[in-house]
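Protein chains in written order, with the UniProt record's numbering: chain R, 1 to 221; chain P, 1 to 221. Read through the structure below, which is laid out as structure tokens, and then see the notes.
Protein chains: 2
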Amino acid sequence: MAAEESYCLSWRVAVEANNARGWRTVPSECVCHVESYMLGGQYESDVDAVVENVTAYLDGVVAADDDKDVWLLDVDDTCLSNLPYYRGKHFGGDAFDSTAFRNWILRGDCPAIPAVLRLYEKLMGRGFQVFLVTGRDEEVMGSSTAENLAAQGFVGHQRLIMRGPRFRGQGAVAFKSAIRRQLVAEGYRIRGNVGDQWSDLLGDCVGDRTFKIPNPMYFVP
Amino acid sequence: MAAEESYCLSWRVAVEANNARGWRTVPSECVCHVESYMLGGQYESDVDAVVENVTAYLDGVVAADDDKDVWLLDVDDTCLSNLPYYRGKHFGGDAFDSTAFRNWILRGDCPAIPAVLRLYEKLMGRGFQVFLVTGRDEEVMGSSTAENLAAQGFVGHQRLIMRGPRFRGQGAVAFKSAIRRQLVAEGYRIRGNVGDQWSDLLGDCVGDRTFKIPNPMYFVP
Numbered sequence: 001m002a003a004e005e006s007y008c009l010s011w012r013v014a015v016e017a018n019n020a021r022g023w024r025t026v027p028s029e030c031v032c033h034v035e036s037y038m039l040g041g042q043y044e045s046d047v048d049a050v051v052e053n054v055t056a057y058l059d060g061v062v063a064a065d066d067d068k069d070v071w072l073l074d075v076d077d078t079c080l081s082n083l084p085y086y087r088g089k090h091f092g093g094d095a096f097d098s099t100a101f102r103n104w105i106l107r108g109d110c111p112a113i114p115a116v117l118r119l120y121e122k123l124m125g126r127g128f129q130v131f132l133v134t135g136r137d138e139e140v141m142g143s144s145t146a147e148n149l150a151a152q153g154f155v156g157h158q159r160l161i162m163r164g165p166r167f168r169g170q171g172a173v174a175f176k177s178a179i180r181r182q183l184v185a186e187g188y189r190i191r192g193n194v195g196d197q198w199s200d201l202l203g204d205c206v207g208d209r210t211f212k213i214p215n216p217m218y219f220v221p
Numbered sequence: 001m002a003a004e005e006s007y008c009l010s011w012r013v014a015v016e017a018n019n020a021r022g023w024r025t026v027p028s029e030c031v032c033h034v035e036s037y038m039l040g041g042q043y044e045s046d047v048d049a050v051v052e053n054v055t056a057y058l059d060g061v062v063a064a065d066d067d068k069d070v071w072l073l074d075v076d077d078t079c080l081s082n083l084p085y086y087r088g089k090h091f092g093g094d095a096f097d098s099t100a101f102r103n104w105i106l107r108g109d110c111p112a113i114p115a116v117l118r119l120y121e122k123l124m125g126r127g128f129q130v131f132l133v134t135g136r137d138e139e140v141m142g143s144s145t146a147e148n149l150a151a152q153g154f155v156g157h158q159r160l161i162m163r164g165p166r167f168r169g170q171g172a173v174a175f176k177s178a179i180r181r182q183l184v185a186e187g188y189r190i191r192g193n194v195g196d197q198w199s200d201l202l203g204d205c206v207g208d209r210t211f212k213i214p215n216p217m218y219f220v221p
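In structure tokens:
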């Protein structure tokens, strides 16, 4: 194996294991690796494997009939894919462009990630309350996000929880922890939690099990 | 890429991201993949990458002169390698054989993992207290472990903490959490924590940063 390919494989595993933190862009020598990973089938295979892990775990969990058993799903690159956007940004090799990214979100054109949509339908069918929790700004992106989710088949969830003015400027761990604490205070039991960023999955009240969807394109602190 | 190779890559990433839990053996279709991974250079590359992540983090951390700044390192497949043993067990494809494994440990022949030995020396050189914490049974394996570590260059650490009778039969998360709580109660600050199992790194008082060394050969709950 070429040294660069070996290095980039190591870098990608370090990202998924949460050893590499706080990185701003994909290392320039790994842009081609990430492109091949995202477009060549391995990314889909990895997402499928995570959803199989969730499904195996789900077989041992039954939702009570009090509507308090909850699954949390992140939105960006968990339910909906930003891959079409990142194709134009060297798969994360370019610095984050907040204006361009906001304009992309406002189009409401993010495609569903197929394996996660199947998981979503399974969770709904098994009587779990599904909460979609996203750091997207509610005021600016609320309607485009709700329409995008509905158009892609994410319908019937209990709540879509977005970042309101109270949490503007806070990191994802703080925002998502606050949301989870609130849900637990409302009497919900968080049975599972799925996200593409470790900041979706760390902090307070993380739930009985967490599952990390792969994402080598960007890091949200 | 062949479907099997793709599946095994996904399986390995799921293990490192802690999505796959509680598995007893390497899936039979992935034994050759794990063999190639462990012997073909990618494993060393991945361990080197983790140690580079630790080193980058270390550059922002200075040990105070009160001897209370601590790093925790696990022993098996973190400081010392059991790869020579697992070569005879289909790289984790065979079920765990407690008698054979104990006999292997009693030989005291585990080689150092070179990148972690370099990290160990760096930590000692920077004035951190290094504690080696292992689930190995103290009564049975105490002397062979201490001799093995010393022979491989792991000398001068603050303490080697092994599993005493009080923790026999307890899971690794419970045992290691109890040890960490005790260290914090003694006034130590856990600045970092390195292990090859998520059960080394989850639970109470996990430290300022945790680092996961790859290990696709076995899962310790």
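For each residue, glycine too, the CB sits at the ideal point set by N, CA and C.
In angstroms, rounded to a whole number, what distance separates the CA positions of residue i and residue j?
i                      : j                      : result
residue 100 of chain P : residue 142 of chain P : 17 angstroms
residue 35 of chain P  : residue 216 of chain R : 25 angstroms
residue 60 of chain R  : residue 187 of chain R : 22 angstroms
residue 208 of chain R : residue 199 of chain P : 15 angstroms
residue 122 of chain P : residue 129 of chain P : 11 angstroms
residue 50 of chain P  : residue 157 of chain P : 21 angstroms
residue 227 of chain R : residue 159 of chain R : Only positions 1 to 221 of chain R appear in the structure, and residue 227 of chain R is not among them; the question remains open.
residue 206 of chain R : residue 151 of chain P : 42 angstroms
residue 11 of chain R  : residue 20 of chain R  : 8 angstroms
residue 172 of chain R : residue 140 of chain P : 46 angstroms
residue 62 of chain P  : residue 185 of chain P : 21 angstroms
residue 190 of chain R : residue 113 of chain P : 39 angstroms
residue 149 of chain P : residue 45 of chain P  : 23 angstroms
residue 212 of chain P : residue 15 of chain P  : 11 angstroms
residue 98 of chain P  : residue 168 of chain R : 53 angstroms
residue 221 of chain P : residue 144 of chain R : 43 angstroms
residue 70 of chain P  : residue 154 of chain P : 16 angstroms
residue 136 of chain R : residue 88 of chain P  : 51 angstroms
residue 166 of chain R : residue 40 of chain P  : 51 angstroms
residue 214 of chain R : residue 83 of chain R  : 12 angstroms
residue 120 of chain R : residue 76 of chain R  : 14 angstroms
Could you name the residues of the same chain whose beta carbon sits closer than 6 angstroms to that of residue i, not counting the 5 residues immediately before and after it, in chain order?
i                      : result
residue 210 of chain P : 193, 201
residue 90 of chain P  : 31
residue 218 of chain P : 92
residue 195 of chain R : 74, 78, 201
residue 85 of chain R  : 104
residue 37 of chain P  : 43
residue 33 of chain R  : 8
residue 4 of chain P   : 29
Could you tell me which residues DSSP pairs with residue i in its beta bridges?
i                      : result
residue 71 of chain P  : P:130, P:192
residue 161 of chain P : P:133
Note down, in chain order, each residue of its chain lying with its Cβ closer than 7 angstroms to the Cβ of residue i, except the 5 sequence neighbours on either side.
i                      : result
residue 66 of chain P  : none
residue 48 of chain P  : 115
residue 164 of chain P : 138
residue 26 of chain R  : 34, 91, 92, 93, 216, 217
residue 127 of chain P : 63
residue 53 of chain R  : 211
How would you write the range of the beta strand (DSSP E) that residue i sits in, first residue to last?
i                      : result
residue 254 of chain R : With chain R covering only 1 through 221, there is no way to say anything about residue 254 of chain R.
Since residue i is in the alpha helix (DSSP H), which residue starts that stretch and which ends it?
i                      : result
residue 202 of chain R : Where residue 202 of chain R is concerned, there is no enclosing alpha helix (DSSP H), given that its DSSP letter is neither H nor E.
residue 182 of chain R : 172-185
residue 141 of chain P : 138-151
residue 76 of chain P  : Residue 76 of chain P -> no alpha helix (DSSP H), and no H or E assigned at all.
residue 55 of chain R  : 42-58
residue 8 of chain P   : 3-16
residue 37 of chain P  : 31-39
residue 27 of chain P  : Neither: residue 27 of chain P is in no alpha helix (DSSP H) and is coded neither H nor E.
residue 86 of chain R  : 83-87
Can you list, in chain order, the residues of its chain with a C-beta nearer than 8 angstroms to that of residue i? Leave out the 5 residues immediately preceding and following it.
i                      : result
residue 147 of chain P : 108
residue 161 of chain R : 131, 132, 133, 134, 179
residue 177 of chain R : 203, 204, 205
residue 58 of chain P  : 122, 123, 126, 192
residue 24 of chain R  : 95, 96, 219
residue 81 of chain R  : 110, 111, 112, 113
Exercise. List in chain order: all unbroken alpha helix (DSSP H) runs of 4+ residues lying wholly within the segment 94-133 of chain P.
Key: 98-107, 114-125
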